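If you count by numbering that gives the first Met the number 0, then the sequence shown holds residues 0 to 263, one letter each, in order.
Please read the structure below before turning to the comments.
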Amino acid sequence: MKKSTTLTLTTLAAVLLLAGCASDSAMMGSGATVTASDKTRMTHSGFLSDYARLRSAPGAEGAECWRDPKLDAKKYDKVLISRIVVSLVAPRDPSAPQTIDPSDLKTLTDYFHDSLVKALKPQMQVVDQAGPGVLVMRIALTDLVPTKVTDSVAGTLIPYGFVVEAGSGAATGRPAGSTPYMGETGMEMQFRDGGSGTIVAECRDTEIGRKYAADVDGSAVGTAQTWASGYLNSFQAWSYAKDAFDKWSLLVARRLGELRGVQQ
């Protein structure tokens, strides 16, 4: 028991040391592998126009999307990010929080908006009025479940608890590396022509936090950073939500850049 407790504490100390050496998000990794898409938790809130035509999109990291085949993305050089709304579905887990503090919601929607602006600004002008040449983004947060921090701490303190936790995600139908108490974040996104109001694309996704996230294709340093980021975020209620927002922002910017022929 003493040896196993020492091992747990030593592992935690190593992670904290790595985090202490990382002064910004770039050092801790992009968060792209800290969360994972979960197709079984995709939402159907009614925010989008047609869910039946959504399909898994290449390079979309698990998100389901549809795009008008006649879309000419090159004609858009400006983007309007509409005010993000919240349309939460009923919790699947009876033990999940039934309410969310309004101040948390504002913090999260502001963070997502700022993340999108940061990702899109290098290639498109961000405006506040619709019109010709403007791509309008409408976004709804449809699933917000915070991480149960007390459960994460308890799992860490159990000798060899990480061995059980690391495999619990797949065992319960969740993404590998997650645990039953990890947070989840769902969104539905719609793109409209700013001149006509015509819907040109729609997407949805639900991301699950991964306490034991492995970046198997990265370098040794990148793998360690990803693991540390996933692990440390399990001790904060909404960190995985912010990771999901950053992931979606980068995916949107990358895809728009590809469709518009803009170098990223």
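No residue lacks a Cβ here, since even glycine has one placed at the ideal position from N, Cα and C.
All figures in this text were calculated on a predicted structure; none of them were measured in a lab.
DSSP, read as helix, strand or coil, puts residue 66 in strand.
About 6 Å separates the Cβ atoms of residue 134 and residue 193, confirming a contact at the 8 Å cut-off. Residue 98 is classed as exposed because its beta carbon has fewer than 16 other beta carbons within 10 Å across all chains shown. Under the DSSP definition of a beta bridge, residue 39 lacks any partner.
In chain order, 122 place their CB closer than 6 Å to the CB of residue 261, counting only its own chain and leaving out the 5 sequence neighbours on each side. In the DSSP assignment, residue 77 falls within the unbroken beta strand (DSSP E) covering 77 to 80.
Counting every other CB atom within 10 Å of its CB across the protein chains shown gives residue 185 a total of 16 or more, marking it as buried.
Judged by DSSP secondary structure, residue 108 falls within the alpha helix (DSSP H) whose first and last residues are 101 to 119. Close CB contacts of residue 104 within its chain, under the 7 Å cut and outside five residues either way in sequence, are with 85 (chain order). In its chain, beyond the 5 residues on either side, 74, 75, 76, 77, 193, 194 have a beta carbon closer than 8 Å to the beta carbon of residue 132. By alpha-carbon distance to residue 67, the top candidate from 206, 251, 201 is 201.
In the three-state DSSP reduction, residue 190 falls in the strand class (E or B). Under the DSSP assignment, residue 200 falls in the beta strand (DSSP E) whose first and last residues are 198 to 208. Pairing residue 56 with residue 251, the inter-Cα distance amounts to about 12 Å.
Residue 137 is bridged by DSSP to 189.
Per DSSP, residue 251 lies in no beta strand (DSSP E); the unbroken alpha helix (DSSP H) holding it starts and ends at 238 to 259.
Using a 10 angstroms sphere on the CB of residue 33, the tally of other CB atoms reaches 16 or more, which defines it as buried. By the Cβ neighbour-count rule, residue 246 is buried, with 16 or more other Cβ atoms within 10 Å of its own. In the DSSP assignment, residue 127 is bridged to no other residue.
Here residue 145 is buried. Its C-beta has 16 or more other C-beta atoms within 10 Å. Here residue 136 is not near residue 207, since their CB atoms are 9 Å or more apart. Cβ neighbours of residue 110 within its own chain (closer than 7 Å, five residues either side excluded): 241, 244. With contacts defined as CB atoms closer than 9 Å, residue 42 and residue 203 qualify as a contacting pair. The beta carbons of residue 205 and residue 37 sit closer together than 9 Å.
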